[in-house]
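In order, the protein sequences belong to chains A and B.
Heads up: the first sequence runs through residues 51 to 331, numbered per my numbering.
Heads up: the second sequence runs through residues 39 to 218, numbered per my numbering.
Each residue gets a CB set at the ideal place from its N, CA and C atoms; glycine is no exception.
Some notes on the structure that comes next.
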Amino acid sequence: MKNFFKSTKFKVIICVLTALLCGMLIAAFTSTSESPVTSIAGVIYKPFQKAAAYIVEKTQDWQGSFVSSSEYKEQVKELESDILEYNEKLVDYERTKQKLESYEAMLGVKNENPDYELVSASVISKNTADAYDSVTLDKGSTSGIEVNDPVVYGENVIGIVKEVGLATCVVKTVLDPSVNISVYEIKSRESGYSNTTASLSYEGLCRMSGLSKETSVAAGGIVCTSGLGGNFPRDLVVGTVTVLKSEETDMSVYAVIEPAVDVRAVNDVFVITDFISDVES
Amino acid sequence: MFRLEGLPVVIKRILLFAIVVVAAMLQNTDGLLPVIFGARIILLIPVVVCIGMCEGEMSGLVYGLIGGAFWDVCASGIDGFHGFYLAFIGCLSGILVHFIMRNRLLTQYCICTVSAVFYCVFYWFATVYSQVGDMNYSKLLGFYLPGAVITTAFSFIVYFIIRFICSSLKEKEPRINSVR
Chain A
51 MKNFFKSTKF
61 KVIICVLTAL
71 LCGMLIAAFT
81 STSESPVTSI
91 AGVIYKPFQK
101 AAAYIVEKTQ
111 DWQGSFVSSS
121 EYKEQVKELE
131 SDILEYNEKL
141 VDYERTKQKL
151 ESYEAMLGVK
161 NENPDYELVS
171 ASVISKNTAD
181 AYDSVTLDKG
191 STSGIEVNDP
201 VVYGENVIGI
211 VKEVGLATCV
221 VKTVLDPSVN
231 ISVYEIKSRE
241 SGYSNTTASL
251 SYEGLCRMSG
261 LSKETSVAAG
271 GIVCTSGLGG
281 NFPRDLVVGT
291 VTVLKSEETD
301 MSVYAVIEPA
311 VDVRAVNDVF
321 VITDFISDVE
331 S
Chain B
39 MFRLEGLPVV
49 IKRILLFAIV
59 VVAAMLQNTD
69 GLLPVIFGAR
79 IILLIPVVVC
89 IGMCEGEMSG
99 LVYGLIGGAF
109 WDVCASGIDG
119 FHGFYLAFIG
129 CLSGILVHFI
139 MRNRLLTQYC
149 ICTVSAVFYC
159 VFYWFATVYS
169 QVGDMNYSKL
179 LGFYLPGAVI
189 TTAFSFIVYF
199 IIRFICSSLK
209 EKEPRINSVR
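Put into structure tokens, the structure is as follows:
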């Protein structure tokens, strides 16, 4: 054995191991952090590694048949709870998105009318016994809401508050025959009042009454609140004129209005609790 | 000049190189070797040890260097470490069998166990302790040492394959011309 340590073979072994150590030091201090040996080996080894990865990819399905069913059951359970969680998040997301849209719609109105005091509210129930789709909001007198406060979505009229509780309020929409709003048509500047009938309400329409036979209101005209009466601020949009019809009881004419917003589908609204009306100013 | 008697040696060397490459592929590709209770088989260690035992210290050095270089391509940590380590244990196993031990299965188990355990402990110490700064024994006991045990347990398969190849493909002894 002593002769081995004196032999050329042993010296060669020591030289090789020393060179490998130096390679490690070079790798530690160079920017690529790779020793020369590893770099060369990488070039040779890469096709083999690719082949191995390809084999694994092709045999993954076959390997799956050796996995116990209990493991799959556990995975299915986990995935089902993930799905439930994601569904909840999706619902939350849609709700938040709708809220954001209503806030964005209201932002422009608030900028133009800084005197408006607004309370945001959500529809929490619809009165199924009411033929005219009155809704209940989740805010009440504790939020400053009072009877006859207007309810809007952006700059579009939804209805008016008719009952107020501490934490809720009931809103009658523009599709309720008992709701009358002073309005005017913006092109012709003709004024009237908006209300509806049972048959029009069923179709989701209301009307602008009080027009003379010679009215210049035409289809396509936009009907807005006039601010008279003090319940509604001026220039909130009620809807668009679709057609003119003659009253059955007298010689006057009325314009059928399609509301700007589907009042039955809105969930997030704003209640105008205070504003400076034209009457006051 | 090329001799036909040297052909088995050439074939043997090519086969041993192929075994090292296949061992590197199996070890470094996820899904090719079974993972037993979270422990992975470190196939290159028994391959290099067996080649060193059967072929001598120089072959152990060279094949250890090649296998370690392939391992370094896929490994993180100190680059060149695996090349150095496998070259060292390949050479050392050849020296031990040449001077002290016999080329037997039990000898292979001894050398393989020591090599695998030393590698696992050193690698755990160099990576977990130095990076995390905490003696995380759960990693050592749950991952690294079980890997060394599994590696040793299956090393007999590698030993018999390499020993068969080395004994079958020996260089033929030159004919002695009989004097009439």
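What residues from chain A crowd round LEU99 of chain B, counting only those whose CB sits closer than 9 Å? VAL62, ILE63, VAL66 and LEU67
Q: Could you tell me how far apart the beta carbons of GLU167 of chain A and THR323 of chain A are, in whole angstroms, since I believe they sit closer than 8 Å?
A: 5 Å
Tell me the rounded alpha-carbon separation between SER184 of chain A and VAL202 of chain A.
14 Å
Report task. Kindly indicate which three-state DSSP category ILE195 of chain A falls into: helix, strand or coil? Result -> coil
Assuming ILE307 of chain A contacts SER251 of chain A (C-beta within less than 8 Å), just tell me the rounded distance between them.
-> About 12 Å separates the two Cβ atoms, so there is no contact after all.
**Q.** Straight-line gap, GLY209 of chain A to VAL311 of chain A (C-alpha atoms, nearest Å)
**A.** 11 Å
Exercise. Does the beta carbon of GLN125 of chain A come closer than 8 Å to any beta carbon on chain B?
Worked result: no
Beta-bridge pairing of THR292 of chain A - partner residues as DSSP gives them
Answer by DSSP bridge pairing: none, since THR292 of chain A is not bridged.
(request) Note down the Cα distance separating PHE119 of chain B from VAL111 of chain B, rounded to an integer number of angstroms. (result) 11 Å
**Prompt:** Applying a beta-carbon distance threshold of less than 7 Å, which residues of chain B neighbour MET51 of chain A?
**Reply:** PHE137
Can you tell me which residues form a DSSP beta bridge with CYS72 of chain A? According to DSSP, which records beta bridges pairwise, CYS72 of chain A is partnered with nothing at all.
query = When the cut-off is 8 Å and only beta carbons count, does TYR95 of chain A lie next to chain B?
reply = yes
Next item on the list: Following the continuous alpha helix (DSSP H) through ALA310 of chain A, name the residue where it begins and the one where it ends.
Entry: It is not in any alpha helix (DSSP H) - ALA310 of chain A carries neither H nor E in the DSSP assignment.
Q) In chain order, what residues of the same chain lie with their CB nearer than 7 Å to the CB of SER206 of chain B, ignoring the 5 residues before and after it? A) none
message = Can you find the residues in the same chain that come closer than 8 Å, C-beta to C-beta, to PHE55 of chain B, ignoring five residues on each side of it along the sequence?
response = TYR101 and ILE104
Short CB-CB distance (under 8 Å) between ASN66 of chain B and chain A:
yes
- Task: Would you please verify whether the beta carbon of MET96 of chain B is less than 8 Å from any beta carbon of chain A?
- Result: yes
Query raised in the report: Do you know offhand how far VAL211 of chain A's Cα is from ARG257 of chain A's?
Result: 20 Å
| request: Give a yes or no on contact between the region 74-91 of chain B and the region 184-203 of chain B, applying the rule of three or more CB pairs nearer than 8 Å. | output: yes
Could you list the residues in the region 117-147 of chain B with a C-beta less than 7 Å from some C-beta on chain A, going in chain order?
ASP117, GLY118, PHE119, GLY121, PHE122, ALA125, PHE126, CYS129 and PHE137
Rounded to the nearest angstrom, what separates LEU75 of chain A and ILE89 of chain B at their Cα positions? 28 Å
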